[in-house]
Amino acid sequence: MSMLPVVDIQGVTTRFGDVVVHRDIDLVVHRGEMLGLVGGSGSGKTTLLREVVGLLRPTEGEVRLFGTPVLGASPIVQRDLRRRFGMLFQQGALFSALPVFDNIAFPLRELKRLDEEMIRELVWMKLAMVELDPSHGRLMPAELSGGMVKRVALARALALEPELLVLDEPTAGLDPDRGENFVKLVKTLQRELNFTVIMVTHDLDTLAGLANRVAALADQRVVAHGTLQEVMAVDHPFVHRFFGGVRAQAALERAG
Amino acid sequence: MDRPAAIRLEVQGGRQIAFLTGSWTLVSLPESLAPLEAQIRELASADTLWNLEDLARIDSAGAVLLWRCWNRSWPADVCIPDAHRHVLERVERLPPAGSLPPPGTPHDSSLEWFGLKVLALLRHLRDAVTLIGALLLDIGWLLRHPREIPFREFSATLYKAGSLALPVTALVGFLIGVVLSYLSSLQLRLFGAETFIVNILGMSIIRELGPVLVAVLVAGRSGSAMTAQIGVMRVTEEIDALATMGVSRTLRLVLPKVAALAVAMPLLTVWCSAAGILGGLVSANLQLDLSWGFFMEALPRSVPLPNLWIGLSKGFVFGLLIGLIACHFGLRVKPNTESLSTKTTASVVTSITVVILVDAVFAIFTRSVGLPAV
Chain A
1 MSMLPVVDIQ GVTTRFGDVV VHRDIDLVVH RGEMLGLVGG SGSGKTTLLR EVVGLLRPTE
61 GEVRLFGTPV LGASPIVQRD LRRRFGMLFQ QGALFSALPV FDNIAFPLRE LKRLDEEMIR
121 ELVWMKLAMV ELDPSHGRLM PAELSGGMVK RVALARALAL EPELLVLDEP TAGLDPDRGE
181 NFVKLVKTLQ RELNFTVIMV THDLDTLAGL ANRVAALADQ RVVAHGTLQE VMAVDHPFVH
241 RFFGGVRAQA ALERAG
Chain B
1 MDRPAAIRLE VQGGRQIAFL TGSWTLVSLP ESLAPLEAQI RELASADTLW NLEDLARIDS
61 AGAVLLWRCW NRSWPADVCI PDAHRHVLER VERLPPAGSL PPPGTPHDSS LEWFGLKVLA
121 LLRHLRDAVT LIGALLLDIG WLLRHPREIP FREFSATLYK AGSLALPVTA LVGFLIGVVL
181 SYLSSLQLRL FGAETFIVNI LGMSIIRELG PVLVAVLVAG RSGSAMTAQI GVMRVTEEID
241 ALATMGVSRT LRLVLPKVAA LAVAMPLLTV WCSAAGILGG LVSANLQLDL SWGFFMEALP
301 RSVPLPNLWI GLSKGFVFGL LIGLIACHFG LRVKPNTESL STKTTASVVT SITVVILVDA
361 VFAIFTRSVG LPAV
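Chains A and B supply the protein sequences, listed in that same order.
Counting with my numbering, you get residues 1 to 256 for the letters of the first sequence.
Counting with my numbering, you get residues 1 to 374 for the letters of the second sequence.
Listed below in structure tokens is the structure:
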């Protein structure tokens, strides 16, 4: 069972009306990998991510998580499957009516088998993991800074100790310093909790700092897939544009 | 799947050793934690040697469970690999449960609660007065700068709150007219006073029912929409965006809405009253064999003109109030979904209540106006 890939995208084609976003995409993410999806604006990165987590049904093809189709199984199987991954949305998507504590406690309470004391300790642990204080639990999402929103959202995504973490632009909207801290945080947590990561990013610092595999989306398909070095060696106009710029080179040097 | 969490007991050299096996994670812990917890507690109190080397995986849920049963301290003898040790150490570092007061309401006494309510009411009044003041200043400014009048927003609201409300107000007015006429005619026939149906219908619909019905419909239809719209603009910071562009929110958002409702409501009132009278006429014609010609001839005689003016001015005042209340609550929405729903509800409830209160005041002050000469 553990040999099955965590994410298995099989022949996915996506069309919105006449616009073809993806054409027959195959992509596999194995356990422990941290895959960064890159692509130009409108290349369908986020769309692909939404298909991975089952928010959107591909026009053709199928996405399997842990060997189970993400759409189409029975409701119980689907629910259990959704508890095995956590998603970090670009804007955090915290429940604005609930304080931070209840936001993180929400998925734990949904399990309906933990007592409140245990939930409280688990929430505090998650807060500590993302370097927040238990006293932050009382704040409302509207009172948080951008960086804190991301960290709370990460804590919520990690609440059930998922095997797969899906990140949509994890560092967008953070200043470079905070972005770097966030990357370090995710990396540390990944070492401890040993989850698989699939993320969309256009930030090269994040990509170089976090991803150990890279897939480049362009011309409606995956034009390059491999380690960062392998992807950069691919001869494709998008790859040249994306990794060739001055800022890109500087970012890659920083990451060593 | 991972093997479930379990405990294997062995006795070596007269001491009991507990081997934790399987994976102690949220997913693989048993559905009910109580038996496992009881077992660990019992072992912990019996001076057991703990061995965690066979443990496949432990996550924070497993660690919290274990730590809790160990009474929040390391057992005397424990054999644990480093990878698992630091998960438990993270639980160890948690502040004790009592260190933070539970997040609850800090004001318990009823006096304090009452005081807070009064303060909230005063804040409401202050904000309402501020809003009205800002609108008056805006009007004064617009009189001097007529080019800045937001005609586009005004006409958009007029269309949305007025034209689009025509079908529903006509339908409701017509049906109320039919029902009112039917019920009254049953009573009037007992006294042989069938012709008075014209007085009853005309007076009640033009003077009372028309304006109030339209006000209730408009409060539910347009008032809630306005609160929600302004509220969402608060949530998404669109109002702040307007402010940074130097656009006054009262001038561009509130004033056109209030003004458009103040214009649309009297018109809708006439429309709704007409539909109500038509409904009453149809019903009276079928029920009492009252001829259409007689009805039309008797209507102006039994309902003097001032009643129409009363109905129209009620419509105008109700329109102003509904617009003001809707915008007032919209601007008070806090940036979260819960607040949006409470404020929208509060806006509609307040609008309808205030309309009915004001209607009663109208009734008192106009009690000697527009009654037919006896």
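Beta carbons are placed, not taken as given, at the ideal position from N, Cα and C, and that holds for glycine.
Problem - Interface residues of the segment 48-79 of chain B facing chain A [CB-CB below 9 Å] - result: Listed by position along the chain: Arg57, Asp59, Ser60, Ala61, Ala63, Val64, Leu65, Trp67 and Arg68.
Handout entry: C-alpha gap between B/Asp59 and B/Pro81, whole angstroms
Key = Here residue 59 of chain B corresponds to residue number 59 of the second sequence, with the count starting at 1. Here residue 81 of chain B corresponds to residue number 81 of the second sequence, with the count starting at 1. Taking the Cα positions, B/Asp59 is about 14 Å away from B/Pro81.
Exercise for the section: With a 10 Å radius around its C-beta and 16 neighbouring C-beta atoms as the bar for buried, classify B/Pro306 as buried or exposed. Expected result: Sequence index remark: in the second sequence, residue 306 of chain B carries index 306 (1-based). By the Cβ neighbour-count rule, B/Pro306 is exposed, with fewer than 16 other Cβ atoms within 10 Å of its own.
Practice task
Please confirm if B/Glu31 has its CB atom under 8 Å from at least one CB of chain A.
Solution key: Against the second sequence, residue 31 of chain B aligns to sequence position 31. Under the Cβ criterion of 8 Å, B/Glu31 is counted among the residues facing chain A.
Problem - For A/Pro69 and A/Met1, the rounded distance between their alpha carbons - result: On the first sequence, position 1 is the one that residue 1 of chain A refers to. On the first sequence, position 69 is the one that residue 69 of chain A refers to. Any reading at A/Met1 must be qualified, since the residue scores a pLDDT of 44, below 50, and its modelled position is unreliable; no value is offered.
Handout entry: Burial state of B/Pro266 (16 or more Cβ within 10 Å)
Key = Along the second sequence, one-based indexing puts residue 266 of chain B at 266. Label assigned to B/Pro266: buried.
Problem - 8 Å Cβ cutoff, B/Val216 in contact with chain A - result: Numbered from 1 along the second sequence, position 216 holds the residue referred to as residue 216 of chain B. Not one chain A Cβ lies under 8 Å of B/Val216.
Exercise for the section: Please report the residue range of the beta strand (DSSP E) in which B/Asp59 lies. Expected result: Locating residue 59 of chain B in the second sequence gives position 59, counting from the first residue. Annotation: B/Asp59 is outside any beta strand (DSSP E) and is labelled neither H nor E by DSSP.
Problem - Simplified DSSP assignment, three categories, for A/Gln10 - result: Position 10 of the first sequence, counting from 1, holds the residue named residue 10 of chain A. Residue state, collapsed to three classes: strand.
Exercise for the section: Jot down the residue ranges of each uninterrupted alpha helix (DSSP H) in the segment 259-326 of chain B, minimum 4 residues, whole runs only, in chain order. Expected result: Taken in chain order, the unbroken stretches of alpha helix (DSSP H) that lie wholly in the segment 259-326 of chain B and span 4 residues or more are 292-302.
Handout entry: Pair within 8 Å by beta-carbon distance, B/Ala165 and B/Leu217
Key = As a first step, residue 165 of chain B must be located in the second sequence, where it is residue number 165. As a first step, residue 217 of chain B must be located in the second sequence, where it is residue number 217. Cβ atoms of B/Ala165 and B/Leu217: closer than 8 Å.
Practice task
For chain B, find out if any of its Cβ atoms is closer than 8 Å to the Cβ of A/Arg113; answer yes or no.
Solution key: In the first sequence, residue 113 of chain A corresponds to position 113, counting from 1. Yes, because at least one Cβ of chain B sits closer than 8 Å to the Cβ of A/Arg113.
Handout entry: Separation of B/Leu357 from B/Arg367, as counted between CA atoms
Key = Residue mapping note: residue 367 of chain B aligns to position 367 of the second sequence, counting from 1. Residue mapping note: residue 357 of chain B aligns to position 357 of the second sequence, counting from 1. Straight through space, the alpha carbons of B/Leu357 and B/Arg367 are spaced by roughly 15 Å.
Handout entry: Alpha-carbon to alpha-carbon, B/Pro211 and A/Thr47
Key = The sequence position of residue 47 of chain A within the first sequence is 47, counting from 1. The sequence position of residue 211 of chain B within the second sequence is 211, counting from 1. If you take the alpha carbons of A/Thr47 and B/Pro211, they lie about 51 Å apart.
Problem - Where the beta strand (DSSP E) through A/Ile25 begins and ends - result: As a position in the first sequence, residue 25 of chain A is number 25, starting the count at 1. Counting along the chain, the beta strand (DSSP E) containing A/Ile25 begins and ends at Val19 to Val29.
Problem - Whether A/Gly11 touches A/Ala216 by CB criterion (8 Å) - result: As a working note, residue 11 of chain A is residue 11 in the first sequence. As a working note, residue 216 of chain A is residue 216 in the first sequence. No; because the gap between Cβ atoms is not below 8 Å, this pair is not in contact.
Practice task
Mind checking which residues open and close the alpha helix (DSSP H) that includes A/His225?
Solution key: For the purposes of this step, residue 225 of chain A is taken as residue 225 along the first sequence, with counting starting at 1. Boundaries for A/His225: no alpha helix (DSSP H) harbours it, while the beta strand (DSSP E) harbouring it runs Arg221 to Gly226, taken from the DSSP string.
Practice task
For A/Met148, count neighbouring C-beta atoms within 10 Å of its own C-beta (all shown protein chains included) and say buried if the count is 16 or more, exposed if not.
Solution key: Taking the first residue of the first sequence as 1, we reach residue 148 of chain A at position 148. Its Cβ being crowded by 16 or more others within 10 Å, A/Met148 is buried.
Exercise for the section: Could you tell me the boundaries of the alpha helix (DSSP H) in which A/Leu217 lies? Expected result: Reading the first sequence from its first residue, position 217 is the one you call residue 217 of chain A. Looking at the DSSP string, A/Leu217 is not in any alpha helix (DSSP H); the run it does join, the beta strand (DSSP E), is Arg213 to Ala218.
Practice task
Tell me, please, whether the CB atom of A/Met148 is closer than 8 Å to any CB atom in chain B?
Solution key: Position 148 of the first sequence, counting from 1, holds the residue named residue 148 of chain A. Under the Cβ criterion of 8 Å, A/Met148 is not counted among the residues facing chain B.
Handout entry: Residues sharing a beta bridge with B/Thr79, DSSP
Key = By 1-based counting over the second sequence, the position of residue 79 of chain B is 79. In the sequence as displayed, the identity of residue 79 of chain B is Cys instead of Thr. B/Asn51, per the DSSP bridge assignment.
Problem - Closer than 8 Å to chain B by CB, A/Leu160 - result: Along the first sequence, read from residue 1 onward, the residue named residue 160 of chain A stands at position 160. Interface residue, yes.
Handout entry: DSSP state of A/Phe95 mapped onto helix, strand, coil
Key = If you number the first sequence from 1, residue 95 of chain A lands on position 95. In the three-state reduction of the DSSP assignment, A/Phe95 falls in the coil class.
Exercise for the section: Report the rounded CA-to-CA distance for B/Ser28 versus B/Val333, giving the unit in angstroms. Expected result: Sequence index remark: in the second sequence, residue 28 of chain B carries index 28 (1-based). Sequence index remark: in the second sequence, residue 333 of chain B carries index 333 (1-based). Rounded to the nearest angstrom, the gap between the Cα atoms of B/Ser28 and B/Val333 is 44 Å.
Exercise for the section: Give the DSSP-derived three-state secondary structure of A/Glu192 in the structure shown. Expected result: Taking the first residue of the first sequence as position 1, residue 192 of chain A is located at position 192. Note: A/Glu192 maps to helix in three-state DSSP.
Problem - Neighbourhood of B/Leu94 by C-beta distance below 7 Å, restricted to the same chain and skipping five residues each side - result: Along the second sequence, one-based indexing puts residue 94 of chain B at 94. There are no such residues.
Exercise for the section: Give a yes or no on whether the C-beta atoms belonging to A/Val239 and A/Gly226 are separated by under 8 Å. Expected result: Counted from its first residue, the first sequence places residue 239 of chain A at position 239. Counted from its first residue, the first sequence places residue 226 of chain A at position 226. It is not a contact, given that the beta carbons lie outside the stated cut-off.
Handout entry: Residues near A/Val183 by beta carbon distance below 6 Å, same chain, minus five either side
Key = Taking the first residue of the first sequence as position 1, residue 183 of chain A is located at position 183. Excluding its 5 nearest sequence neighbours in each direction, A/Val183 has C-beta neighbours in its own chain below 6 Å: Thr206, Gly209 and Leu210, listed in chain order.
Practice task
Note down, in chain order, all residues in the segment 323-357 of chain B with a beta-carbon under 8 Å from any beta-carbon belonging to chain A.
Solution key: Residues of the segment 323-357 of chain B with a C-beta less than 8 Å from any C-beta of chain A: Lys334, Pro335, Asn336, Thr337, Glu338 and Ser339, listed in chain order.
Exercise for the section: Establish whether the CB of B/Ala35 and some CB of chain A are separated by less than 8 Å. Expected result: Working through the second sequence from its first residue, we reach residue 35 of chain B at position 35. A quick correction: the sequence has Pro, not Ala, at residue 35 of chain B. The C-beta of B/Pro35 comes no closer than 8 Å to any C-beta of chain A.
Handout entry: Three-way DSSP call (helix, strand, coil) for A/Gln90 in this model
Key = Sequence index remark: in the first sequence, residue 90 of chain A carries index 90 (1-based). Collapsing the DSSP output to three states places A/Gln90 in coil.
Exercise for the section: Classify B/His84 as buried or exposed, calling it buried when 16 or more other Cβ atoms lie within 10 Å of its own Cβ. Expected result: Taking the first residue of the second sequence as position 1, residue 84 of chain B is located at position 84. A residue is called buried once 16 or more other Cβ atoms fall within 10 Å of its Cβ, and B/His84 is buried on that count.
Practice task
State yes or no: is the beta carbon of B/Val232 nearer than 8 Å to at least one beta carbon in chain A?
Solution key: For this step, residue 232 of chain B is matched to residue 232 along the second sequence. It does not: the Cβ of B/Val232 has no partner Cβ on chain A nearer than 8 Å.
Practice task
Closer than 6 Å by C-beta to B/Leu288: which residues in its own chain qualify, once you throw out the five before and the five after it? Chain order, please.
Solution key: Taking the first residue of the second sequence as position 1, residue 288 of chain B is located at position 288. Within the same chain, B/Leu288 has close Cβ partners Ser185 and Glu194.
Handout entry: Simplified DSSP state of B/Phe19, which is helix, strand or coil
Key = Mapped onto the second sequence, residue 19 of chain B falls at position 19. Here B/Phe19 sits in strand by DSSP.
Practice task
Could you tell me whether the segment 194-204 of chain A touches the segment 164-171 of chain A, using the rule of 3 or more Cβ pairs below 8 Å?
Solution key: The segment 194-204 of chain A is in contact with the segment 164-171 of chain A.
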